[in-house]
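According to this note's numbering, the stretch in the sequence shown is residues 2 to 139, in order.
We treat Cβ as the ideally placed atom computed from N, Cα and C, and that holds for glycine.
See structure below.
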Amino acid sequence: RSALKYAVLCGGGANHRLGLSDAFLIKENHIIASGSVRQAVEKASWLHPDAPVEVEVENLEELDEALKAGADIIMLDNFETEQMREAVKRTNGKALLEVSGNVTDKTLREFAETGVDFISVGALTKHVQALDLSMRFR
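Now the structure itself:
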């Protein structure tokens with residue numbers, strides 16, 4: 002995993018999270034186990050007060066919950082472009098916004114123009130094939 006992250010850096014990309022120890026990423030199962038978005042964010046903040054807390058949301062109602070709970074970063078999962086624009090308006094600088102899902106070379110510019118802070122491009126590391134190299138010593 003660290004080699005993949007390093008390759009992204011070498012290629013001019015940025016890694017906002019190297020692993021689960023850098024920041025909390027609260028997903029649907031964490032919210033269910035905690036009882037609510039607010040409880041999940043509060044527990045994460047209590048466990049590691051200095052670590053950023055990111056919450057993955059699937060709609061604008063969940064975005065509102067994450068904002069009220071005090072999430073530092075909100076991941077917009079599979080949002081349509083208009084929903085992204087609305088999320089930027091609702092957030093109004095209270096949290097950073099990350100787009101994830103349906104990101105391709107064809108959608109990248111369109112998503113960037115919505116005003117979100119980050120765009121996750123999983124394809125950079127997800128479908129990488131190893132280069133077949135060999136070395137012979139004499």
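Burial state of residue i (16 or more Cβ within 10 Å)
{"i": "Ala72", "result": "buried"}
{"i": "Val129", "result": "exposed"}
{"i": "Ile32", "result": "buried"}
{"i": "Ala131", "result": "exposed"}
{"i": "Glu99", "result": "buried"}
{"i": "Ala4", "result": "exposed"}
{"i": "Leu1", "result": "A question about residue 1 goes unanswered here, because the residues of the chain that appear run from 2 up to 139."}
{"i": "Phe80", "result": "buried"}
Sub-8 angstroms separation of residue i and residue j beta-carbons
{"i": "Val122", "j": "Phe112", "result": "no"}
{"i": "Ala70", "j": "Val58", "result": "no"}
{"i": "Thr92", "j": "Ile74", "result": "no"}
Secondary structure of residue i, DSSP reduced to three states
{"i": "Phe1", "result": "Coverage of the chain is limited to positions 2 through 139, which leaves residue 1 absent and any answer about it impossible."}
{"i": "Ser101", "result": "strand"}
{"i": "Glu59", "result": "coil"}
{"i": "Met85", "result": "helix"}
{"i": "Val42", "result": "helix"}
{"i": "Leu132", "result": "coil"}
{"i": "Asp65", "result": "helix"}
Option in the options with minimal Cα separation from residue i
{"i": "Ser35", "options": "Glu114, Val56, Leu97 and Leu134", "result": "Val56"}
{"i": "Gly102", "options": "Leu48, Pro53 and Phe119", "result": "Phe119"}
{"i": "Thr82", "options": "Ser22, Arg39 and Gly116", "result": "Gly116"}
{"i": "Met85", "options": "Ile74, Asp23, Leu61 and Asp65", "result": "Leu61"}
{"i": "Leu64", "options": "Ala131, Ala96, Ile33 and Lys44", "result": "Ala96"}
{"i": "Ala52", "options": "Phe25, Val89 and Ala131", "result": "Phe25"}
{"i": "Ser22", "options": "Tyr7, Pro50 and Thr108", "result": "Pro50"}
{"i": "Glu28", "options": "Gly13, Trp47 and Leu77", "result": "Per the sequence shown, the amino acid found at residue 28 is Lys instead of Glu. When each option's Cα is compared against that of Lys28, the closest is Leu77."}
{"i": "Glu87", "options": "Arg110, Glu114 and Gly14", "result": "Glu114"}
Any chain C beta carbon closer than 8 angstroms to residue i
{"i": "Val100", "result": "The chain inventory of the structure shown lacks chain C, comprising one protein chain alone."}
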